[in-house]
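Line by line, the protein sequences give chains G and Z. In terms of my numbering, the first sequence opens at residue 3 and continues consecutively. In terms of my numbering, the second sequence opens at residue 3 and continues consecutively. Quick reminder that beta carbons are idealized off the backbone N, C-alpha and C, glycines included. Let me begin by presenting the structure, written as structure tokens, before commenting on it.
Number of protein chains: 2
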Amino acid sequence: MNLKARFLDISTEPLILINPGDAAQIGGKDNDRVKIDGKRSAIALLNVSDFAEPGEAILSANLQSKIVASDGDDLRIIYASGPESVRSIRKKMDNKKLTKEEIHDIVVDILENRLSKIEISAWLTALYINGMDIEEIAAFARAMADTGDKVEFDRTPVYDFHSMGGVPGNKITPIVVSIVAAAGLMLPKTSSRAISSACGTSDFVETFCDIELDAANLKRISEKVGGVFAWGGSMNLAPVDDMVIKVEHPLGINPRAQMLASIISKKLAIGATHLVMDIPTGAGTKVPTIEVAKAYARDFMDLGEKLNIHIECAITYADQPVGSAIGPKLEARECIRILEGQKHPSSVIEKACDLAGMILEMGGFANGSEKAREILDSGAAMKKFREIVAAQNGNYDIRSEDLVPGEFVEDVISPSAGYVHSISNKDLVSIAIAAGSPSDKGAGLLIMKKKGQRVERGELLFQIYGDSKAKVDRAKELATKYKPFDIEGMLLKKIAPPRTR
Amino acid sequence: MNLKARFLDISTEPLILINPGDAAQIGGKDNDRVKIDGKRSAIALLNVSDFAEPGEAILSANLQSKIVASDGDDLRIIYASGPESVRSIRKKMDNKKLTKEEIHDIVVDILENRLSKIEISAWLTALYINGMDIEEIAAFARAMADTGDKVEFDRTPVYDFHSMGGVPGNKITPIVVSIVAAAGLMLPKTSSRAISSACGTSDFVETFCDIELDAANLKRISEKVGGVFAWGGSMNLAPVDDMVIKVEHPLGINPRAQMLASIISKKLAIGATHLVMDIPTGAGTKVPTIEVAKAYARDFMDLGEKLNIHIECAITYADQPVGSAIGPKLEARECIRILEGQKHPSSVIEKACDLAGMILEMGGFANGSEKAREILDSGAAMKKFREIVAAQNGNYDIRSEDLVPGEFVEDVISPSAGYVHSISNKDLVSIAIAAGSPSDKGAGLLIMKKKGQRVERGELLFQIYGDSKAKVDRAKELATKYKPFDIEGMLLKKIAPPRTR
């Protein structure tokens, strides 16, 4: 039937609102598809709504350029069946292996907005439950890379590293990149912002330089200076991955197949030839035990073989935050202090040098870890860091003191004497987020005590920083409620025979 | 933060559109929840969109009464976490058994719009893949019934029957109800409209009487006359079921647990004490084989035991349509003709009497099927039918000739001579829908030949009726393309030795 168009920017999905009477005429129900013929044709999701007058079609603005039509135009609208890829999603629900072509079609249909949130959710749930084998994951990663932009370097090899995440305070990226680039290798590193964490690498890097590089700039700077600290989101690398994350997020799932394909797709898009995977392992992270970490390492190496990337894995300690700082300016300051030559926190220095060392060894250096430490201690890494910062429109003469955390501070002290038996990453992340991290750049935590250390009653455990008093107060409340530090005496439990009178 | 309200009827879900800058301030991403404080508070799904000006919140109209606010009001908006029931959905993804309370909470959260389409889709996909045991399904059915209206009869027992559907032309409901009520038993039958079929019971019953009865009228008429042919959708029986169907529909799945719970929840809501389940079995239906049918029968009887409903099951033949007519007026006419005493199509008469007979036997009659046939042949069923029609504001003196199918007719003839080897229900349904069924009341099919019958070349196989020439033409095209009748000679394949020269 024909309806009069009215465009409204109401949805990220291509959506059409039609009056119930008209919808019945078309034979369409909520969440069905209809085909809309303007100058060109497009498919949209049907929403049956009284908001549309009889004879009217309210269309999401994203359809306007697709169908080439204006408000008031007469559009022909007919029922349309769902995309073929829904069949492949059902096939995965039935725990069948998908072909390369089926996976590619699903990815393209997500990209083109032909699959709705309902269908993407079913896809992710099916992946979560039934999984994929390495061949499928490789095809999935390839399809996600192929449906986005790619960077093609004139200079090879292209080194890369990636942390699976889940551990707060993991501020090693600028250090690793600077060391590796100082050694003459190229490491065009793209990072992400926080999804559920307190502060992603891009969230703290942007406190001292631009992070939005287009592909041409990323290529130019990397080839010239040897490295970048770019935000992956500023390029159109494997864009389907970001679309899928939006649906994953409310479900609180991250299916193994999706996670592996997501990571590898970005590496394919950037043309990585050599990759070190950091697998943080510990309670409260994505990878709770060494056994799980080893299984991931196996998967990554198998994927590397299928996709022609040399991949090595590092299983790293993640039972507590890396270093002392959590939050954008606090992490940036700690990171730059280490580049300036400060000798602690040693957990950050050690992790950065170990990972940089693995890359250096891939690049032909002997004793990578010591070599990395040498480059850091010599000041060569700091010099390289300055070059990269300057190339990304930051201040070449940057100093750690330039990074000033939020003006509001609250101390969290130990209620008893004893030893730090455990620290909850998850609770610290929640507290840092409550304090305003990562959008409030001065917000975050500074941790004074780490696992195994002796603490006296009333001694400082950590400080909460923030740009807003209200948020810092709220974070302090959470700290009191959650008690992220477990402080115990050496004597954990006393066992004695029952007393006799 | 505080934003200025603007209400638009843009979504069936409670939705809030916020400018990207404001969303970052709140710390919310697409598909996150926010809490909105008007005079009262409500949770809504966040959509980050440039459609909202900075400082503005565009809210779906369904939120207006919930938060008690008007356009221009200043609303406090903060980040909110998802409902607890998302955890239970994840538990089902992990193939764990859910408690009664967890299932109840999921159902309540769907009802209250606290679970989004994304989450409902994940729930259905998890049910499809991991299933539920009978205890969970019983709790699920109970929860769906408890979250809607219920009918409480003063008269007992309450007989009911239900067809799992999937076979076109299944117009037996008014006949069964009339026979059973004529025998003095009470059968307050609620039916549905077509979801994916060509014509639901309510779609054809509404061609000769009202189908929208509220609970009070349904009770009154049933207790007085002995039966109704009501549309379930006009009451608020197990409303969550209808909400879930909207999400199931684009996925093309109907998880066993959901289907069983859906059927039984409606029976609990209406207070059925005795139920006959019709399980149509045959190629192209939900139940392809007798083995699958038996498994369903076992499930239904187990559920009945758990929920204190006496359930008996009938596995019925469904390899081809029941009777000759498909489509609202055509089915109504065929149904009334049989009540008037016409002796064919015998498949409809036999099925109606067999099912009515099972109910009569539950009610203490001997030889139910013969008794049912007796009541039909005596005219008592027609008399009871008229009483029910009149009670539902139809014409007591209704005659089958009052139902006149669409004025546009196309014949579909056999391209060859032979025997009808098979008929595709699925294709016939698509053709009937293309002809306009069920919204065009005169649209549908009239089938002249059934399985096993001899057909000559050029002989009529079926006719397509419709209220619109364009739709009938389109349906005819589909008929030519699909060839729903498989006509073969008796000799299916000739095998001969290779010829020698």
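- Task: Establish whether the CB of K31/G and some CB of chain Z are separated by less than 9 Å.
- Result: K31/G counts as touching chain Z.
- Selection from N256/G, S194/G, L277/G, M261/G that minimises the alpha carbon distance to S236/G: Nearest of N256/G, S194/G, L277/G, M261/G to S236/G, Cα basis: S194/G.
- Query: How many angstroms separate the CA atom of C534/Z from the CA atom of M303/Z?
  - Reply: Summary: the structure shown does not reach residue 534/Z, with chain Z confined to residues 3 through 503, and so no result is reported for it.
- Would you report the Cα separation of A217/Z and K152/Z, rounded to the nearest angstrom? Our two residues, A217/Z and K152/Z, have alpha carbons roughly 8 Å apart in a direct line.
- Query: Can you name the start and end residues of the beta strand (DSSP E) that A445/Z belongs to?
  - Reply: Annotation for A445/Z: no beta strand (DSSP E) segment contains it, and DSSP assigns it neither H nor E.
- Residue range of the unbroken alpha helix (DSSP H) whose run includes V207/Z: Per DSSP, V207/Z belongs to the alpha helix (DSSP H) from 203-207.
- Message: So, with DSSP's three-state summary, where would you put P56/G?
- Response: In the structure shown, P56/G sits in coil (DSSP, three-state: anything other than H, G, I, E or B).
- Message: I'd like to check one pair, A196/Z with N427/Z: are the Cβ atoms closer than 9 Å?
- Response: No; because the gap between Cβ atoms is not below 9 Å, this pair is not in contact.
- Query: Looking only at its own chain, which residues have a Cβ that is under 6 Å from the Cβ of V109/Z, when we skip the five neighbours before and after it?
  - Reply: Same-chain partners within the cutoff: A145, M146, T149, V242.
- chain G contacts made by the region 82-100 of chain Z, where a contact means CB separation under 7 Å: Cβ contacts with chain G: G84, V88, R92, M95.
- Residue span of the beta strand (DSSP E) that contains R35/Z, given as start and end: 35-39 is the span of the beta strand (DSSP E), which, as asked, contains R35/Z.
- Can you tell me which of the three DSSP states E403/Z falls into? Residue state, collapsed to three classes: helix.
- Flag I131/Z as yes if its beta-carbon sits less than 9 Å from any beta-carbon of chain G, otherwise no. It does: the Cβ of I131/Z has a partner Cβ on chain G nearer than 9 Å.
- Message: Relative to the C-alpha of E403/G, which candidate in L341/G, V278/G, G74/G has its C-alpha closest?
- Response: From the listed residues L341/G, V278/G, G74/G, the smallest Cα separation to E403/G is found for L341/G.
- What in chain G is Cβ-close to G254/Z, meaning under 7 Å? Those within 7 Å of G254/Z in chain G are V88, R92.
- Message: When you compare the CB of H312/G with every CB in chain Z, is at least one pair closer than 9 Å?
- Response: No, its Cβ sits nowhere closer than 9 Å to a Cβ of chain Z.
- Is it the case that the Cβ atoms of E461/G and K471/G are separated by a distance below 9 Å? Result no, Cβ atoms of E461/G and K471/G do not sit closer than 9 Å.
- For P190/G, name the three-state secondary structure that DSSP assigns. When DSSP states are grouped into helix, strand and coil, P190/G belongs to the strand group.
- Message: With a threshold of 9 Å between beta-carbons, can F210/Z be considered close to chain G, or not?
- Response: Taking Cβ atoms only, chain G never reaches closer than 9 Å to F210/Z, which makes this a no.
- Can you tell me which of V227/G, L430/G, A393/G puts its alpha carbon nearest to the alpha carbon of D488/G? Residue nearest to D488/G within the set V227/G, L430/G, A393/G is L430/G (criterion: CA-CA distance).
- Message: Quick check on E121/G - is its C-beta less than 9 Å from some C-beta in chain Z?
- Response: E121/G belongs to the set of residues whose beta carbon lies under 9 Å from a beta carbon in chain Z.
- Task: Inspect the beta-carbon positions of A39/G and L77/G and report whether they are closer than 9 Å.
- Result: A small fix is needed here, since residue 39/G is Asp in this sequence, not Ala. The answer is yes: Cβ separation under 9 Å.
- Message: Could you check whether K269/G and D162/G sit closer than 9 Å to each other, using their CB atoms as the reference points?
- Response: In contact: D162/G and K269/G (Cβ atoms closer than 9 Å).
- Can R42/G and V70/G be called in contact, C-beta distance under 9 Å? Against a cut-off of 9 Å, the Cβ pair of V70/G and R42/G comes out as a contact.
- Using the DSSP secondary-structure output, state which residues sit across from E490/G in a beta bridge. Note: E490/G sits in a beta bridge opposite Y421/G.
- Message: Just checking: is the beta-carbon of S507/G within a distance shorter than 9 Å of some beta-carbon in chain Z?
- Response: Residue 507/G falls outside the range modelled here, since chain G spans only 3 to 503, and no answer is possible.
- Query: With which residues is W233/G paired in a DSSP beta bridge?
  - Reply: The bridge partners DSSP lists for W233/G are S193/G.
- Query: Any beta-carbon of chain Z closer than 9 Å to the one on D205/G?
  - Reply: For D205/G, the answer is no, since every Cβ of chain Z falls outside 9 Å of its Cβ.
- Message: Suppose you measure from the CA of V207/G to the CA of A271/Z; what does that come to, to the nearest Å?
- Response: Cα to Cα, the separation comes out at about 59 Å.
- Query: In chain order, which alpha helix (DSSP H) runs of at least 4 residues are fully inside the region 35-114 of chain G?
  - Reply: 66-69, 87-95, 102-113, all fully within the region 35-114 of chain G.
- Query: Would you say I79/G faces chain Z, with C-beta separation under 9 Å as the test?
  - Reply: Closer than 9 Å: no.
- Thinking Q27/G and S371/Z are a contact (beta carbons under 8 Å), I'd like their distance in whole angstroms, please. Between Q27/G and S371/Z a beta carbon distance of about 42 Å is seen, past the 8 Å cut, so the two are scored as non-contacting.
- Contact set for L17/Z: own chain, Cβ-Cβ below 7 Å, skip 5 residues either direction: Cβ neighbours of L17/Z beyond the five flanking positions: A46, L47, N49, S62.
- Query: Less than 9 Å separating the beta-carbons of K443/G and T209/G?
  - Reply: Cβ distance < 9 Å, so K443/G and T209/G count as in contact.
- Please name the residue or residues paired with K6/Z in a DSSP beta bridge. According to DSSP, K6/Z bridges with E58/Z, D76/Z.
- Task: May I have the straight-line CA-CA distance separating E352/G from L187/G, to the nearest angstrom?
- Result: Between the alpha carbons of E352/G and L187/G lies a gap of roughly 20 Å.
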